[in-house]
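Single-structure report; data block below.
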Amino acid sequence: MLCWIEQFLQNRTYQVLVGNSKSQHKEIKRGVPQGSCLSPTLFNIIMSDIPHTDGIIIGEYADDIAIFITSDTLEDAHTKAQSAITSLETWANRWCLRFNTAKTKCMCFTKKRILEKLTEPAYQLKLNQETIEWTKKMRYLGVTLDAPTLTWKLHYEDMVNEGIKRINIMRAISGTTWGANTELLLNFYKIYIRTKISYAIPATTSACHSRKMTLERVQNAAMRVALGARKSSPSSPPS
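137 is the number that the working numbering gives to position 133 of the sequence shown; each next residue is one higher, with no gaps.
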């Protein structure tokens, strides 16, 4: 089996075609073939020995890696973060991998007024000898994070805007005398709208009630379109 996998990964080449011109064949010495059913398993084997440190959480999803650190002081958090980054960098070099510094960001969630310190050289984080950018907004696995207080404001705004776009598509395929029937529209809502706006709901339970209600209004609007109800139709059962 090992010999078969070795042959599977060796002697792979690629060629670029632009118009009628072809480049020379180049050998692929890293990575796994895209589209192969075996590739995810092989990649997971590489990721299986990623270094973990006590007190530091490493989040992994395919090739997305996140480091989560909690601390009472910015100084201690910075020390732990840089140590974890250096450890990951050493691990990546051993496997001939390289993290994309341009796509790597760091965030600080806190109620303390210390964000101005993040611009100081003493609190810069380095990856591949390049400085990692501190940011107040970042998208991770489809969830928009907002620093420094993590109110989920930006994530809910994204979900509402996306929900409205999808409701407009529902309106475009519905009508009183033509278009999709109620059953089809309800399925459209369940599959295309509700799955989108309810994504990562368990992770955002700390959001305030008024913010959660913005998604409720999107769902109510979608249901009115699906059922052919007026905009003024109540969404709550009569008391």
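Positions of the beta carbon are idealized from the N, C-alpha and C atoms, including for glycine. Quick caveat: nothing in here was measured; it's all calculated off a predicted structure.
Can you list, in chain order, the residues of its chain with a C-beta nearer than 6 Å to that of Ala2? Leave out the 5 residues immediately preceding and following it.
A query on residue 2 cannot be resolved here, the shown segment of the chain reaching from 5 to 243 and no further.
Taking buried to mean at least 16 other C-beta atoms within 10 Å of its own C-beta, is Tyr160 buried or exposed?
buried
In the DSSP assignment, find the alpha helix (DSSP H) that holds Met142 and state where it starts and stops.
Run containing Met142: none in the alpha helix (DSSP H); it sits in the beta strand (DSSP E), Lys141 to Tyr144.
Taking C-beta to C-beta, are Thr17 and His29 nearer than 9 Å?
yes
Residue closest to Ala184, alpha-carbon to alpha-carbon, out of Gly146, Thr153 and Gly232:
Gly232
Helix, strand or coil for Asp76, going by three-state DSSP, please let me know.
coil
Asp53 classed as buried or exposed, judged by whether at least 16 other C-beta atoms fall within 10 angstroms:
exposed
Quick check: Ile71 and Ile89, are their CB atoms within less than 9 Å of each other?
yes
Unbroken beta strand (DSSP E) run spanning Val147, endpoints
Val147 to Asp150
Helix or strand or just coil, what does DSSP make of Ser52?
coil
With the cut-off set at 9 Å, would you say Lys157 and Arg234 are in Cβ contact?
no
DSSP state of Gly63 mapped onto helix, strand, coil:
strand
For the beta strand (DSSP E) that contains Lys30, what are its first and last residues?
Unbroken beta strand (DSSP E) run through Lys30: Lys30 to Ile32.
Taking DSSP as the reference, what is the three-state secondary structure of Thr153?
coil
For Lys141 versus Ala126, is the C-beta spacing smaller than 9 Å?
no
Should Leu42 go down as buried or exposed, given a rule of 16 or more other Cβ atoms within 10 Å for buried?
exposed
Here's the rule: buried if 16 or more other CB atoms are within 10 angstroms of the residue's CB, otherwise exposed. What is Cys7?
Around the beta-carbon of Cys7, fewer than 16 other beta-carbon atoms lie within 10 Å, marking it exposed.
My guess is that Asp162 and Thr180 are in contact by the Cβ rule of under 8 Å, so how many angstroms apart are they, rounded?
About 32 Å separates the Cβ atoms of Asp162 and Thr180, ruling out a contact at the 8 Å cut-off.
When Lys200, Arg102 and Thr123 are compared against Leu78, the one with the closest alpha-carbon:
Nearest option by C-alpha distance: Thr123.
Between the CA atoms of His213 and Ala66 - distance to the nearest angstrom:
Their Cα atoms are separated by approximately 33 Å.
Identified DSSP bridge partners for Glu134:
Leu131
For Thr17, report the span of its beta strand (DSSP E) as first-last.
Start and end: Arg16 to Tyr18.
Per DSSP, what are the beta-bridge partners of Lys26 in this structure?
Leu21
How should Val222 be labelled, buried or exposed, when 16 other C-beta atoms within 10 angstroms of its C-beta is the threshold for buried?
Val222 counts as buried, since at least 16 other C-beta atoms from the protein chains shown sit within 10 angstroms of its C-beta.
Between which two residues does the alpha helix (DSSP H) carrying Ser214 extend?
His213 to Leu231
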